[in-house]
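Quick note: the sequence shown uses our numbering, first residue -18, plus one each step.
Presented below is the structure to which this report refers.
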Amino acid sequence: MSVGKKYIQFKQEIPTHVTLVSVSKTKPIALLQQAYDAGARIFGENRAQELVEKHEALPNDIKWHMIGHLQSKKVKLIAPFIDLIHSVDSIKLLETINKEAKKNNRIINCLLQFHIADEESKYGFVNDELISLFKSINELKLSHVAIIGIMGMATFTDDEKQVTQEFKNLKSIFDTIKKEHLPTIEVVSMGMSGDYKLAIKQGSTMIRVGSSIFGKR
Ligand SMILES: *Cc1c(COP(=O)(O)O)cnc(C)c1O
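The structure is reproduced here in structure tokens:
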């Protein structure tokens, strides 16, 4: 099946309140164009340089999302155009995004990434730091970032119970933040090709889907 058809099929399958991010990392421009022609307007990438190249090559009504670990020194590359950074995993990074957004006279939307998986390699804040995290964020008075939600990745496993529990944890972190710290947040970015159904059941509002649309990497 073509990428366009797969995108359309996927889009039809998910509830309308869930935003679909088409994760196009490592895929050639021609395949992104096919998804675009089928209606895709939100693309997710995990490398700053690749984001810049694809942004330059493709139509300018695309919203580009950074979903991978972002080094502070790379922020300036994407600051002029990035629509949402899912992977904010340190205060230092948030400050850099604020600084680069200001230079570009923009406000950049961000999600705080939380570590929910049972794996050491995944980046993110942890639940116990919430109070000190928001204390730091409030003290910094960042004028050019908008924290609009949170993001997390479940463990890569077939154990649906475990994955469900991890998504439940992320949703409960979201609920706590919304209630105690930041009532304006709306986005829970969780779920990928292998686990988006479980994520949606647990309250995901944004799924990041790569291989189910673009094929294996
Ligand atoms: C690659 C990636 C995805 C998409 O993964 P698929 O399994 O191909 O759907 C989602 N989120 C993040 C953070 C990724 O790096």
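Backbone N, C-alpha and C fix where the C-beta goes; we use that ideal spot for every residue, glycine too.
For ligand 1, a non-hydrogen atom lies closer than 8 angstroms to the CB of Lys6. In the three-state DSSP reduction, Gly130 falls in the strand class (E or B).
Counting of Cβ neighbours within 10 angstroms places Arg189 among the buried residues, the total reaching 16 or more. Distances from the alpha-carbon of Asp70 to those of Ala19, Leu39, Thr7, Met134 put Met134 closest. When DSSP assignments are scanned along the region 141 to 174, the uninterrupted stretches of alpha helix (DSSP H) that are 4 or more residues long and fall wholly within it turn out to be 141 to 161.
By DSSP's assignment, Leu93 forms a beta bridge with Val69, Ile131. Bridge pairing for Leu1: Ile188 [DSSP]. Ranking Arg87, Ile(-5), Leu75, Glu37 by CA distance to the CA of Leu51 puts Leu75 first.
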